[in-house]
Amino acid sequence: MPTQKKIVAGALASAVLLWIGGTYGLEALEMGIPKAQATTDLNQVFTSMTGILAVVVTAVNLIGFIVFPILEVLLNPRFFLELHGANEVVIHQIWQVSREIMNIIFAFMLVIGACLTVVTAKKDIISRFAIKFVLGVILVNFSWFFPRVILDVGHVLAATIYKLPDLVSTTCRYYDINGIIQTPCKYPYDFRFFDKAAAIASAAGGPASLGYECPLETVCYRVQALANNTNTAPGILSGLIFNHGKLPDLAKVQNFNDGGTPATNPLDQISFFLMFILNTVFLIALSVALTLALVAMMVAFIIRIPILWLTMAFMPFMFLGYVVGDLMGNFNTMKIFKKFVAAAFLPAIVAIPFTVGFIVLNAIAFSAPVGSAIILADSQGRFLPGIDNLWIVLWQITTILIIWKGFFMALSIDSMYEEATKGIRSMGANLGSFVTHLPLNIPFIPGAKEGGKQTYMSAGQAMTAAGGLSNLSRQGRLLEGDAVKNMLTGGRSGGVEAAEQNIRNSGEVYDRIKAAAGGRGDMQKVAEEMRKLSGSLSGLSPEKQAEALQRALKNTGISLNPAQIQELTNALHPGGDGSGRGRAGSGNTPPAGGAGRPPAASP
0 MPTQKKIVAG ALASAVLLWI GGTYGLEALE MGIPKAQATT DLNQVFTSMT
50 GILAVVVTAV NLIGFIVFPI LEVLLNPRFF LELHGANEVV IHQIWQVSRE
100 IMNIIFAFML VIGACLTVVT AKKDIISRFA IKFVLGVILV NFSWFFPRVI
150 LDVGHVLAAT IYKLPDLVST TCRYYDINGI IQTPCKYPYD FRFFDKAAAI
200 ASAAGGPASL GYECPLETVC YRVQALANNT NTAPGILSGL IFNHGKLPDL
250 AKVQNFNDGG TPATNPLDQI SFFLMFILNT VFLIALSVAL TLALVAMMVA
300 FIIRIPILWL TMAFMPFMFL GYVVGDLMGN FNTMKIFKKF VAAAFLPAIV
350 AIPFTVGFIV LNAIAFSAPV GSAIILADSQ GRFLPGIDNL WIVLWQITTI
400 LIIWKGFFMA LSIDSMYEEA TKGIRSMGAN LGSFVTHLPL NIPFIPGAKE
450 GGKQTYMSAG QAMTAAGGLS NLSRQGRLLE GDAVKNMLTG GRSGGVEAAE
500 QNIRNSGEVY DRIKAAAGGR GDMQKVAEEM RKLSGSLSGL SPEKQAEALQ
550 RALKNTGISL NPAQIQELTN ALHPGGDGSG RGRAGSGNTP PAGGAGRPPA
600 ASP
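Mapping of the sequence shown onto numbering that gives the first Met the number 0: position 76 corresponds to residue 75, and the numbering continues sequentially without gaps.
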């Protein structure tokens with residue numbers, strides 16, 4: 000976490016950078032073009048970035064649309080009952096074999112228990128296991144009946160929870176593309192993907208002539224009005240994801256130019272570019288959160304099906320764990336029953352946050368803001384299609400959190416579901432981090448001109464430059480023009496000069512290098528600290544690194560003698576320890592300028 004000192008230092012450094020550019024002009028700095036900077040025209044950068052982000056948005060939403068109809072089926076309590084009915088004969092046959100095996104095991108246990116009682120002349124075995132044994136022998140023959148009762152109870156409970164909107168008379172509403180409240184909500188069905196969707200999207204009269212809507216060229220579907228007081232899993236899922244979550248609208252990238260003439264002024268281009276990047280990143284973040292939650296939900300409910308089948312087929316073995324208890328250790332077969340109960344009630348547990356969230360959102364999100372939140376109702380600009388104020392943004396984010404947090408909280412019913420979806424949650428975190436840092440790599444901040452062409456610096460480079468200015472300020476060298484120029488450009492004069500600035504700007508590492516070099520002359524410690532540095536330093540040969548260090552120490556009163564330079568060079572070689580066993584000038588590390596130049600000569 001950034002400390003207050005770092006935040007203040009960074010802010011002051013940024014202010015100085017802006018003052019230099021505003022007072023003398025960016026061109027007055029005579030900035031060279033570092034490797035990472037671009038001479039591409041900003042319009043071309045904008046076009047390329049638009050294409051990349053459009054691909055990401057399209058891919059994420061396409062996955063969401065594919066998963067949505069599958070999930071509607073999986074969440075329906077009737078689905079497993081009908082699927083199980085088609086396969087019940089096979090499962091029942093496996094159960095019969097399991098029951099016979101378990102009866103044989105009970106017979107052996109009875110004989111073994113009788114023998115132990117006779118041999119040891121102790122009755123504690125009978126008193127400890129007799130009641131459980133008798134119950135196990137009886138109940139094992141009913142282990143096909145009671146799982147079906149439990150499964151029916153779970154499905155009835157889920158269906159009852161989904162009826163809550165009907166009991167409180169909930170009317171589903173949503174904001175359309177223009178931010179106007181519409182009712183009733185839409186219920187999508189009859190999905191078409193890829194080639195069939197493309198044929199519908201390219202129809203002569205448009206998709207509407209065929210009764211379809213096509214948010215993407217690869218996705219089309221029909222819609223009908225979602226009945227008020229909906230009381231089914233597909234209806235509530237549609238209301239949350241399709242209407243409140245605005246899944247179709249998340250596939251649309253905002254046009255901030257409104258079809259006007261493209262901006263040619265660099266400042267106007269930057270303004271449009273920043274709005275586009277921030278809006279699209281927000282769009283992608285919502286899309287990723289919604290889609291990954293749908294994917295995780297689908298994975299969990301698909302896993303539920305074989306778990307139910309396996310536990311029902313091998314339910315007789317549960318009574319072995321019931322009788323023996325903890326003596327079985329990690330192989331306690333009572334876990335079969337626990338896994339079955341968790342799978343049976345998973346739809347009901349998932350239904351709770353979805354149903355309650357659906358009711359609350361329809362009751363609050365479309366009402367006038369309360370007095371303390373009236374400021375959020377004023378139009379602050381178009382955040383997303385159909386969302387032009389912070390009040391709607393608040394409930395849009397709340398919808399995503401209900402789906403995301405509510406579902407993953409429901410998965411805590413059993414560790415198996417948590418483990419199965421852990422990778423998806425990690426993917427969401429990693430993808431979110433990637434999307435968040437993506438704008439930092441886009442060169443859009445104007446720099447100096449090179450060869451008559453405008454150069455641009457990314458936000459990440461600007462942040463690095465601000466950090467470098469902070470280090471220069473701490474060293475009292477902020478007013479040294481050459482130092483500022485070299486720090487901003489990365490060292491146009493060559494790798495050694497850039498490495499010198501890299502060392503000078505390394506903060507605490509630079510302090511430790513000076514302490515090690517100026518005290519006992521510990522070159523091993525100096526080499527250890529220099530290996531922590533990045534940037535141009537890591538691309539230089541050990542000889543060039545030693546030269547860069549000498550230049551960095553020039554004004555500190557610390558100088559290295561030839562023996563120390565040789566020791567440092569040897570220590571900087573891979574495997575070198577400063578004792579002379581490392582060979583200077585081995586050429587293992589290419590010098591600045593590229594791998595095509597010959598290795599540095601030995602001193």
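For every residue, glycine included, the Cβ atom is placed at its ideal position computed from N, Cα and C.
Check: Excluding the five sequence neighbours on either side, which residues of its own chain have a C-beta within less than 7 Å of the C-beta of residue 231, listed in chain order?
Finding: 161
Note to self: Quick check: is any heavy atom of the ligand ZN less than 7 Å from the C-beta of residue 497?
What the structure shows: For the ligand ZN, the structure offers nothing, since it holds no ligand at all.
Checklist line | Integer-rounded CB distance, given that residue 312 should sit under 8 Å from residue 97 | finding: 6 Å
Next item on the list: Could you check if residue 207 is buried or exposed, using at least 16 other CB atoms within 10 Å of its CB as the buried criterion?
Entry: exposed
Checklist line | Proximal residues to residue 298 (C-beta, below 8 Å), its chain only, five neighbours per side dropped | finding: If we look at residue 298 and ignore the five residues flanking it on each side, its Cβ neighbours are 419, 420, 423.
Notebook entry, point to check: Taking the alpha-carbon positions, what's the residue 275 to residue 78 distance?
Noted result: 43 Å
Notebook entry, point to check: Between the Cα of residue 146 and the Cα atoms of 90, 198, 166, which residue gives the shortest distance?
Noted result: Checking every option, the nearest Cα to that of residue 146 belongs to 90.
Checklist line | Whole beta strand (DSSP E) elements within the segment 351-408, 3-residue minimum | finding: none
Margin query: Relative to the C-alpha of residue 393, which candidate in 368, 411, 559, 416 has its C-alpha closest?
Written below: 368
Margin query: For the pair the segment 369-376 and the segment 329-348, tell me if three or more CB-CB distances fall below 8 Å.
Written below: no
Notebook entry, point to check: Which one of 499, 321, 515, 177 has the shortest CA to CA distance from residue 139?
Noted result: 321
Check: With respect to the alpha helix (DSSP H) encompassing residue 247, which residues constitute its N-terminal and C-terminal limits?
Finding: Residue 247 -> no alpha helix (DSSP H), and no H or E assigned at all.
Note to self: Could you check whether the segment 52-60 touches the segment 127-135, counting it as contact only if at least three pairs of C-beta atoms, one from each stretch, sit closer than 8 Å?
What the structure shows: No, the segment 52-60 is not in contact with the segment 127-135.
Check: Among all the DSSP beta bridges, which residues are the ones paired with residue 223?
Finding: 186
Notebook entry, point to check: Tell me which same chain residues have a C-beta within less than 7 Å of the C-beta of residue 157, skipping the five on either side of it?
Noted result: Excluding positions up to five away in sequence, the list reads 76, 346, 347, 350.
Item checked: C-alpha gap between residue 550 and residue 505, whole angstroms -> 15 Å
Check: Under the rule that 16 or more other beta-carbon atoms within 10 Å means buried, what is residue 361, buried or exposed?
Finding: buried
Checklist line | 8 Å contact criterion, which residue 174 and residue 223 should meet: CB distance rounded | finding: Not quite, the Cβ-Cβ distance comes to about 19 Å (not below 8 Å), so this is no contact.
Notebook entry, point to check: Just reading off the alpha helix (DSSP H) that residue 541 is part of, what are its end residues?
Noted result: 541-551
Check: According to the neighbour-count rule (16 or more other Cβ atoms, all chains shown, within 10 Å of its Cβ), is residue 115 buried or exposed?
Finding: exposed
Checklist line | Limits of the unbroken alpha helix (DSSP H) element including residue 163 | finding: Residue range 163-166 is occupied by the alpha helix (DSSP H) that includes residue 163.
Check: If we ignore side chains and look at the alpha-carbon of each, how far apart do residue 429 and residue 83 end up?
Finding: 38 Å
Notebook entry, point to check: Quick one: Cα of residue 193 to Cα of residue 218, how far?
Noted result: 7 Å
Next item on the list: Report yes if the C-beta distance between residue 236 and residue 507 is below 8 Å; otherwise report no.
Entry: no
Notebook entry, point to check: How would you label residue 286, buried or exposed, when you count the other beta carbons within 10 angstroms and need 16 or more for buried?
Noted result: buried
Check: What are the start and end residues of the beta strand (DSSP E) that includes residue 215?
Finding: From DSSP, the beta strand (DSSP E) with residue 215 extends over 212-215.
Notebook entry, point to check: Which partner residues does residue 180 have in the DSSP bridge list?
Noted result: Paired residues: 174.
Notebook entry, point to check: Between residue 522 and residue 554, what straight-line distance do the alpha-carbon atoms span, to the nearest angstrom?
Noted result: 19 Å
Notebook entry, point to check: residue 300: which of 529, 59, 561, 67 sits nearest, CA to CA?
Noted result: 67
Margin query: Here's the rule I'm using: 16 or more other beta-carbon atoms within 10 Å means buried, otherwise exposed. How should residue 141 be labelled?
Written below: exposed
Note to self: Rounded to whole angstroms, what is the Cα-Cα separation between residue 169 and residue 233?
What the structure shows: 16 Å
Check: residue 403 to residue 292, Cα distance in whole Å?
Finding: 5 Å
Note to self: Let me confirm a value: residue 4 is counted as buried when at least 16 other C-beta atoms fall within 10 Å, else exposed. Which label applies?
What the structure shows: Since pLDDT at residue 4 reaches only 49, below the 50 mark, its modelled position is unreliable, and no value is offered.
Notebook entry, point to check: Roughly how many angstroms lie between the CA atoms of residue 155 and residue 59, to the nearest whole one?
Noted result: 34 Å
Next item on the list: Return the CA-CA distance between residue 340 and residue 197, expressed in angstroms with no decimal places.
Entry: 44 Å
Notebook entry, point to check: Excluding sequence positions up to five away, which residues of its chain have a Cβ less than 8 Å from the Cβ of residue 239?
Noted result: 353, 356, 357, 360, 398, 401, 402
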